[in-house]
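Some notes on the structure that comes next.
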Amino acid sequence: MSKKIFSGPFLAFMLCGTIIPLGVIAYYGITDRSGAFTFENIKAITTGEHWEALMLALMLALISTVICLLIAFPLGLILKDSKLGKKGFMVFIFILPMWMNFLLRTMAWQVLLEKNGIINQVLGFIGLPSLHIINTPAAVVLGMVYDYLPFMILPIYNALIKIDKNVIEAAYDLGAGFRQVLQKVIIPLSVPGIVSGITMGFVPSLTTFAVSNILGGGKVNLIGNIIEHEFTTGSNWNLGAGLSLVMMIFIVISMALIEKFDRNGEGNII
Amino acid sequence: MKKVLKGIYLALIILFLYLPIFTLMVLSFNEGKTMNAWTGFSFRWYREMFSNRTIMEALGNTLTIAFWAAAAATVVGVMACIGLNAMKEKHRSFFMGLNNIPLLNADIVTGISLMLSFLLFGISLNYGTVLFAHITFCIPYVILSVMPKFRQLENHTFEAALDLGASPAYAFFKVVLPDIMPGIISGFLLSFTMSVDDFVITHFTRGAGINTLSTLVYSQVKVGIRPTLYALSTVIFAAVFVILILVNIISNKREEKRA
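Chains as they are written, first to last, in the numbering used here: chain A, 322 to 591; chain B, 22 to 280.
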């Protein structure tokens, strides 16, 4: 008896839980309610409301990913170089919020940002004008950054600590300045971590409907909200499935990126 | 000077990460219903939370689903690693690529595709469909944690055990399993965490009567005042904190022993 047979349950779950469902969603996406073949559901992405939602989602996901990267990379560098005795504990502090339910974390920002929320009370108390970003795209970006920052910090930090110190010292010895070392040595060597961090935050931000619903107050319509709406109140499942198929393009792109830059899974969070 | 700037940078990020969580903690002890005024310290919301049947049911569902999903995914995942390792390189990398699909796929697509399939095949949405969905998305995490341990194994030790008269099963449990144990544990814990944290896939695959904490929070967050949810956040944060500290201490001790 071959050992290969042990992969049977895995293959069964792959088939029933991933491959068949993807076939089913594709089937719904390319048929209409009566079951006739059509491309309308996929073409629908280019119509006004849907296109706007997709562009807004792309923009907000892009902005929040860039902000996460800009915060996480210097942080990773500081943590890598820090001579704090409890380095492990410092890293732990920065990724701990990852384990808290993300809806509760998002709710926390709603509490903070509300019109009469804590932040505005504090601002009012010290005589500053109040902040009105709840129910705007800015609040949604804030929520995305907050939710996915730990997922950016961890792979970048993991990639950074793997860089051989001697390589960096060699670059300095050969006369490179800090900027050159960063550009020519540290950043290229941390690409697997950066790519992994980007894919872990970008796709969820792009397709979210919970964050935009809670912090956008129903006024920020992302593509995720439109798809979710089709399956709950809108009940045009074929349209929802068609729009979901379009989202898969971005997933394929991120798979290709991972394949290209992170072959060995170095940037993996595990 | 540079050191000070670095310190300020770290402090600002810590503030950003923890201000929201600590705000909820403080508010959870507020006597009044409004969050705009401090009306006195009280455990009122904790009492209400623990006597609230919907919240307790959702908590129970979350934990049992996470446990069973992680356990099933661990068994299936470890078996998959054994099987995949016996395959030719070409087949193995094909299946490992397949294994990446649920990991990289957007939750909304995974959730909707599962929901559509369940309904198409006449399976009504309930606790079981949520559990099935969770097992499906947990398996890849187990495989990714266990596979590297398998690759590091000395194949000869297993064969040596067989030569010395051990049955394959005995040799596996006595020789291979202890070596891959760290991968199995981290795969289980990762699966458990992912299951507890999942909202989107549960949202689409649950039936009307089933709530997990995520779906409960989502449905209540729009209603308005919810100090019981603040209390819940505090309890969850405290539990996570204690568990992670314990896990850290235990794994540190293990490493010391080995060193």
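Ideal Cβ placement from N, Cα and C applies to all residues, glycine included.
All of these numbers come straight from a predicted model, not from anything done at the bench.
Candidates the options: which alpha carbon is nearest residue i's?
i	options	result
Ile341 (chain A)	B:Asn126, B:Gly81, B:Ser145, B:Leu137	B:Leu137
Gly204 (chain B)	B:Thr95, B:Leu33, B:Thr75, B:Ile144	B:Thr95
Met569 (chain A)	A:Lys581, A:Phe582, A:Ile548	A:Ile548
Ala429 (chain A)	B:Gly230, B:His177, B:Ser49	B:Ser49
Lys195 (chain B)	B:Ser207, B:Ala229, B:Ile206, B:Glu180	B:Glu180
Tyr349 (chain A)	A:Lys581, A:Ser526, A:Ala562, A:Ser575	A:Ala562
Ile86 (chain B)	B:Thr226, B:Ile35, B:Lys111	B:Thr226
Thr529 (chain A)	A:Gly329, A:Met380, A:Ala365	A:Met380
Glu373 (chain A)	A:Ile574, A:Trp558, A:Asn542	A:Asn542
Lys243 (chain B)	A:Ser323, A:Ile416, A:Val432	A:Val432
Leu375 (chain A)	A:Phe552, A:Leu527, A:Leu566	A:Leu527
Ser114 (chain B)	B:Gly143, B:Ser216, B:Met168	B:Met168
Phe552 (chain A)	B:Ile129, B:His112, B:Gly81	B:Ile129
Leu502 (chain A)	A:Ile515, A:Lys486, A:Ser517, A:Val516	According to the sequence as given, residue 502 (chain A) is Val; it is not Leu. Here the closest residue by C-alpha is A:Lys486.
Arg74 (chain B)	B:Ile231, B:Asp218, B:Val263, B:Ile266	B:Ile231
Ala127 (chain B)	A:Glu580, A:Val567, A:Leu578	A:Val567
Ile515 (chain A)	A:Val345, A:Leu390, A:Lys324, A:Asp353	A:Leu390
Leu578 (chain A)	B:Ile271, B:Leu125, B:Arg65, B:Phe171	B:Leu125
Gly522 (chain A)	A:Gly369, A:Phe413, A:Ala382, A:Gly344	A:Ala382
Phe415 (chain A)	A:Lys325, A:Tyr469, A:Phe331	A:Tyr469
Phe331 (chain A)	B:Ile160, B:Ser63, B:Ser166	B:Ile160
Met465 (chain A)	A:Val524, A:Gly448, A:Gly555	A:Val524
Lys540 (chain A)	A:Lys325, A:Leu400, A:Gly518, A:Asn456	A:Asn456
Trp84 (chain B)	B:Tyr148, B:Ile270, B:Lys274	The sequence shown places Leu at residue 84 (chain B), not Trp. If we check each option's Cα against that of Leu84 (chain B), B:Tyr148 comes out closest.
Which residues in the same chain have their Cβ closer than 6 Å to the Cβ of residue i, if we skip the five residues on either side of it in sequence?
i	result
Leu237 (chain B)	Ala79
Met297 (chain B)	Residue 297 (chain B) cannot be examined here, being either before or after the span of chain B that is shown, 22 to 280.
Glu587 (chain A)	Legend: pLDDT at Glu587 (chain A) = 48, less than 50; position of this residue unreliable, value from coordinates given subsequently. Same-chain partners within the cutoff: Pro513.
Phe213 (chain B)	Ala87, Ala91
Phe220 (chain B)	Ser235
Ile484 (chain A)	Leu510
Gln241 (chain B)	Arg247
Under 7 Å, do residue i and residue j count as touching if we go by C-beta distance?
i	j	result
Ala393 (chain A)	Ile544 (chain A)	no
Tyr369 (chain B)	Leu424 (chain A)	No statement about residue 369 (chain B) is possible, as the shown extent of chain B runs from 22 to 280 and does not include it.
Gly104 (chain B)	Phe358 (chain A)	no
Asn437 (chain A)	Leu560 (chain A)	no
Pro471 (chain A)	Pro418 (chain A)	yes
Gly397 (chain A)	Leu481 (chain A)	yes
Pro123 (chain B)	Thr520 (chain A)	no
Ala93 (chain B)	Ile156 (chain B)	yes
Thr162 (chain B)	Gly208 (chain B)	Note that residue 162 (chain B) is Tyr in the sequence shown, not Thr. Going by C-beta atoms, Tyr162 (chain B) is nearer than 7 Å to Gly208 (chain B).
Val495 (chain A)	Ala460 (chain A)	One detail in the question is off: residue 495 (chain A) reads as Leu in this sequence, not Val. No, the pair does not count as a contact, with Cβ atoms beyond the cut-off.
Leu135 (chain B)	Ala154 (chain B)	yes
Thr233 (chain B)	Asn82 (chain B)	yes
Thr44 (chain B)	Ile439 (chain A)	yes
Phe139 (chain B)	Thr150 (chain B)	yes
Gln532 (chain A)	Thr386 (chain A)	This sequence places Val at residue 532 (chain A); Gln is not what is there. Not closer than 7 Å, so no.
Ile206 (chain B)	Lys170 (chain B)	no
Gly228 (chain B)	Leu146 (chain B)	yes
Trp558 (chain A)	Val261 (chain B)	no
Leu400 (chain A)	Tyr478 (chain A)	yes
Met108 (chain B)	Lys325 (chain A)	yes
List the DSSP bridge partners of residue i.
i	result
Asn51 (chain B)	B:Phe62
For residue i, which residues from the same chain have a beta carbon less than 7 Å from its beta carbon, with the 5 sequence-adjacent residues on both sides left out?
i	result
Ile164 (chain B)	Gly98, Ala101, Cys102, Asn120
Asn441 (chain A)	Ser451, Leu452
Gly61 (chain B)	Glu52
Val506 (chain A)	Val488, Ile489, Ala492
Leu152 (chain B)	Ile86, Trp89, Ala90
Ile474 (chain A)	Ala393, Leu396, Gly397, Phe415, Ile416
Ile591 (chain A)	At Ile591 (chain A), the pLDDT of 43 sits below 50, so the modelled position is not reliable; the number obtained from the coordinates is stated separately. Here the set comprises nothing.
Phe571 (chain A)	Val524, Leu527
Cβ of residue i versus every heavy atom of the ligand ATP: is any distance shorter than 6 Å?
i	result
Asn422 (chain A)	Among the components of this structure there are no ligands whatsoever, and the ligand ATP is therefore not found.
Excluding the 5 residues preceding and the 5 following residue i in the sequence, name in chain order all residues of the same chain whose CB lies nearer than 8 Å to its CB.
i	result
His371 (chain A)	Ala365, Ile544, Ile547, Leu564
Arg500 (chain A)	none
Ile42 (chain B)	Ser254, Phe258
Leu183 (chain B)	Pro189, Ala192
Ile454 (chain A)	Leu434, Ala460, Leu463
Ser403 (chain A)	Met411
* beta strand (DSSP E) runs contained entirely in the segment 331 to 397 of chain A, provided each spans 3 or more residues -> none
* Write down every uninterrupted run of the alpha helix (DSSP H) in the segment 92 to 126 of chain B whose length is 4 residues or greater and which is fully enclosed by it, in chain order. => If we require 4 residues or more, the alpha helix (DSSP H) runs fully inside the segment 92 to 126 of chain B come out as 110 to 125.
* Every unbroken alpha helix (DSSP H) inside the segment 519 to 586 of chain A [4 residues or more] -> Correct list: 531 to 537, 544 to 552, 558 to 582.
* **Ordered list of alpha helix (DSSP H) runs contained in the segment 411 to 457 of chain A, each at least 4 residues** => 423 to 434, 439 to 446
* Which parts of the segment 212 to 268 of chain B are runs of the beta strand (DSSP E), unbroken and 3 residues or longer, counting only runs that do not cross its ends? -> none
* Which ranges would you report for the alpha helix (DSSP H) in the segment 148 to 175 of chain B if only whole runs of at least 4 residues count? -> 148 to 173
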